[in-house]
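What follows is a set of notes on a single structure, which appears directly below.
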Amino acid sequence: MERVRKQSKIIQEYGFTRMGQRHIQIVMLFFAGFIAYGIRAVMSVGIVAMTSENPPDDSIPTYPEWEGEGQILSSFFWGYIILQVVAGQIAEKYGPKKFLAGALTLASLLNCFIPLTAAKFGKTGVIINRAAQGLCQGFLYPSTHYILSKWTPLKERSRIAGFVYFGGQFGTAVSMVITGAISDTKLGWPYVFYLYGIFGFVWAAFYTWLGCNSPAEHKSISFEERKYIEQTTEITNVEENKMPTPWKDIFTSLPFWAVIISHFGNNWGFWTLLTEMPSFMSKVLNYDISKEGNLSALPYFFFTLLAIIISPLSDAIISRNILSLQKTRKLFNSFGFLGPALFLTILCFVSTENKTIHVVLLILAVSTNSGMLAGFNVNHIDISPKFSGTLMGITNTFANVGSIIGPLVVDIIVTDKTDESLWRIIFLLSAGIYIFATVFFLIFGSGEIQSWNFPKVNNKRSTPAVSPHPSTSNMPA
170 MERVRKQSKI
180 IQEYGFTRMG
190 QRHIQIVMLF
200 FAGFIAYGIR
210 AVMSVGIVAM
220 TSENPPDDSI
230 PTYPEWEGEG
240 QILSSFFWGY
250 IILQVVAGQI
260 AEKYGPKKFL
270 AGALTLASLL
280 NCFIPLTAAK
290 FGKTGVIINR
300 AAQGLCQGFL
310 YPSTHYILSK
320 WTPLKERSRI
330 AGFVYFGGQF
340 GTAVSMVITG
350 AISDTKLGWP
360 YVFYLYGIFG
370 FVWAAFYTWL
380 GCNSPAEHKS
390 ISFEERKYIE
400 QTTEITNVEE
410 NKMPTPWKDI
420 FTSLPFWAVI
430 ISHFGNNWGF
440 WTLLTEMPSF
450 MSKVLNYDIS
460 KEGNLSALPY
470 FFFTLLAIII
480 SPLSDAIISR
490 NILSLQKTRK
500 LFNSFGFLGP
510 ALFLTILCFV
520 STENKTIHVV
530 LLILAVSTNS
540 GMLAGFNVNH
550 IDISPKFSGT
560 LMGITNTFAN
570 VGSIIGPLVV
580 DIIVTDKTDE
590 SLWRIIFLLS
600 AGIYIFATVF
610 FLIFGSGEIQ
620 SWNFPKVNNK
630 RSTPAVSPHP
640 STSNMPA
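Residues are numbered in our numbering as their position in the sequence shown, beginning at 1, plus a constant of 169.
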């Protein structure tokens with residue numbers, strides 16, 4: 170109780186609203202996600218313009234002969250899954266800053282070469298390029314999660330992580346709007362790829378200057394802010410540096426498997442909608458490319474708006490002891506999964522003649538998914554702050570199998586992209602996966618730091634998971 174009172178005093182003296190170096194790190198990570206997801210999403214709308222038979226200007230190259238668009242859309246994830254665990258280990262051992270900046274720089278460079286690759290090497294060249302971009306972006310989530318574990322006090326975790334991660338969704342929305350708008354002009358789709366390459370270069374330059382792995386490494390952080398962060402995150406750097414990764418304990422942990430299953434289910438639904446929604450709106454709802462970019466982006470704008478509410482609400486519920494950390498994570502995760510499942514199911518029984526209702530349901534399906542930001546998405550840090558980078562790498566590896574399979578399943582099932590009955594199968598399948606992931610997380614998810622987070626000399630194998638978090642130490646799970 171003395172520790173709780175001490176930490177509460179620190180929080181009162183130096184709370185979230187007092188600006189400091191951690192806010193700079195948060196903003197930089199927000200824009201990392203904004204740009205990285207923008208680079209990913211460019212292809213979702215861009216592929217429609219790239220394969221169009223009627224470009225806005227005769228000088229713009231198009232490739233209407235390309236078939237199997239799902240291969241191009243999923244190829245990013247072929248490379249993306251490879252370095253996830255390695256990136257987490259690198260982050261924990263060497264620090265993620267230089268690797269994150271370098272990886273996004275290279276991904277941006279490759280993005281600039283997409284038009285040239287398409288012209289010289291065709292569909293195969295684009296697939297290889299996108300896979301290489303995915304390889305580079307494999308550093309994004311593990312590095313971000315590790316940095317968040319160092320810079321975010323528990324009572325700020327949901328709102329900070331929410332802000333950082335909805336940068337990706339906001340970037341997706343903006344990217345779709347920009348891609349749709351530019352693709353419909355005489356500049357054409359190639360300039361969108363050049364633009365996002367430039368965005369990446371600018372971000373990398375600023376992050377090299379302003380970014381930092383942890384408060385302990387920051388040269389100009391105030392003593393008060395460093396004390397506030399370190400004493401409210403339970404950081405123990407000495408133990409962390411000496412402790413090997415407990416692989417067996419990690420892979421036999423049911424709370425961790427709950428995160429894996431949730432991450433897989435989330436990525437299946439999210440990326441299937443992201444990559445295929447433009448095609449659905451174009452082929453089934455008959456929207457043109459200029460409108461399509463804006464309409465495809467709307468769900469992600471609403472995702473961002475809802476995330477702005479959900480993240481601080483989650484922190485408030487935890488800090489005011491309304492619900493335990495564990496129950497709060499399960500509550501918001503369920504909202505973030507059952508919402509999309511419900512609206513995708515309803516969508517299957519609405520005629521495509523009701524275009525407005527379809528768009529509204531797609532907006533609701535995507536935007537309610539924002540609940541996951543305060544659910545499984547930060548649960549890696551809850552159950553193991555020390556190994557959060559590695560945990561994110563592992564779950565993101567499994568999750569992006571779903572990201573790869575989703576678009577390929579669409580290619581297999583939706584043989585005629587104008588047939589709404591085939592799309593109905595995709596939406597119901599995604600809804601079913603969301604529901605299964607919800608149930609698994611409700612049964613096995615946890616908000617407690619697991620015993621394997623600590624050195625073996627300090628706990629027995631039979632020691633139950635412990636929860637040193639001040640906001641949950643006096644509450645039932």
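The beta carbon of each residue, even a glycine, is placed where N, CA and C say it ideally should be.
Within 8 angstroms, strictly: CB atoms of residue i and residue j
| i | j | result |
| --- | --- | --- |
| F610 | N502 | yes |
| T473 | F339 | yes |
| S213 | W437 | no |
| F268 | F308 | yes |
| F199 | F332 | yes |
| A342 | A466 | yes |
| E617 | I552 | yes |
| N546 | I250 | no |
Minimum C-alpha distance to residue i - residue among the options
| i | options | result |
| --- | --- | --- |
| A350 | R191, A218, T564 | A218 |
| F282 | G271, N223, H314, I367 | I367 |
| F449 | I581, T521, N548 | T521 |
| N382 | L591, D588, T566, G558 | G558 |
| N523 | D585, S553, Y456 | Y456 |
| I430 | G571, A276, G616 | G571 |
| A210 | N622, D418, T348 | T348 |
| S422 | M197, S620, L304, P624 | S620 |
| A300 | S318, K266, W247 | W247 |
| V453 | L443, I477, K586, G303 | K586 |
| Y484 | D418, G336, L542, H314 | The sequence as given places Asp at residue 484; Tyr does not occur at that position. Of D418, G336, L542, H314, the residue nearest in Cα terms is L542. |
| P468 | Q495, K496, F439, I486 | F439 |
| W372 | K555, A606, Q194 | Q194 |
DSSP-derived helix/strand/coil call for residue i
| i | result |
| --- | --- |
| I390 | coil |
| I329 | helix |
| I649 | Outside the shown range of the chain (170 to 646) lies residue 649, about which nothing can therefore be said. |
| I479 | helix |
| I618 | strand |
| C281 | helix |
| K355 | coil |
| S631 | With a pLDDT of only 41 at S631, under the threshold of 50, the placement of this residue in the model should not be trusted, and no figure is reported. |
| Y232 | coil |
| K555 | coil |
| P637 | Confidence at P637 is low in this model, with a pLDDT of 45, below 50, so its placement is unreliable and no value can be given for it. |
| I538 | Looking at the sequence itself, residue 538 is Asn, so the reference to Ile does not match. Here N538 sits in helix by DSSP. |
| R489 | coil |
| P384 | helix |
| F518 | coil |
Contacts around residue i, its chain only, beta-carbon distance under 7 angstroms, and the 5 residues preceding and following it disregarded
| i | result |
| --- | --- |
| P481 | R328 |
| V295 | I241, I283, T286, A287 |
| V583 | L591, W592, I595 |
| N406 | Reliability fails at N406, whose pLDDT of 45 lies under 50, so the model's placement of it is uncertain and no value is given. |
| I216 | E238, I241, L242 |
Close Cβ partners of residue i (< 8 angstroms) along its chain, the five nearest in sequence each way excluded
| i | result |
| --- | --- |
| M188 | none |
| W378 | none |
| Q258 | T414, G558, T559, G562 |
| Y360 | I351 |
Cβ-based neighbour list, residue i, same chain, cut-off 6 angstroms, excluding 5 preceding and 5 following
| i | result |
| --- | --- |
| F504 | G540 |
| S243 | I573, P576, L577 |
| D226 | K355 |
| R593 | C517 |
| G207 | G340, S344, Y365 |
| T564 | V428, I429, H432 |
| G357 | I229 |
Test: residue i CB closer than 8 angstroms to a CB of chain D
| i | result |
| --- | --- |
| I241 | Within the model displayed, chain D is absent; a lone protein chain is all it includes. |
List in chain order: all unbroken beta strand (DSSP E) runs of 3+ residues lying wholly within the region 557-591.
none
Mind listing, in chain order, the continuous alpha helix (DSSP H) runs of no fewer than 4 residues lying wholly within the region 284-349?
309-320
Which runs of the beta strand (DSSP E) at least 3 residues long sit entirely within the region 417-472? Give them in chain order.
none
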